[in-house]
Amino acid sequence: MAEKQKNRFYEYFNRDKKRLLNLLKSQGIFEQFSQTHGYLYSVEIGQQSGQSIHLKVALKAGALTILDVFSRSLVATAE
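37 is the number that numbering that gives the first Met the number 0 gives to position 38 of the sequence shown; each next residue is one higher, with no gaps.
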């Protein structure tokens with residue numbers, strides 16, 4: 000993913016923390032706990048070109064901080 004696009008996602012969700020909090024509540028996946036950043040979550044914010052776009056979000060003392068924007072490949076399952 001291009002840095003310019005990462006920055007757009009970062010800026011948008013930093014301005015709209017309420018929407019980010021709602022996404023975190025509804026589809027946030029707990030990743031780990033960090034002494035520095037607090038609770039770390041992955042939140043899917045969309046899909047593009049066969050990739051799911053995620054934010055890495057930290058929650059510490061009631062404050063939300065976006066640490067990274069990254070993509071994961073979508074895995075199709077055969078049934």
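Beta carbons: idealized from backbone N, C-alpha and C, even for Gly. These numbers come from a predicted model, not from an experiment.
{"Item": "8 Å Cβ cutoff met for Lys55 and Leu39", "Value": "yes"}
{"Item": "Host alpha helix (DSSP H) of Ser25 (start-end)", "Value": "Lys16 to Gln26"}
{"Item": "Other residues of its chain near His36: CB distance less than 8 Å, five sequence neighbours each side excluded", "Value": "Ala57, Lys59, Thr64 and Leu66"}
{"Item": "Distance between Ile52 and Gln4 (C-alpha atoms, nearest Å)", "Value": "11 Å"}
{"Item": "Whole-angstrom distance between Gln34 and Leu20, CA atom to CA atom", "Value": "21 Å"}
{"Item": "Span of the beta strand (DSSP E) around Gln50", "Value": "Gln50 to Lys59"}
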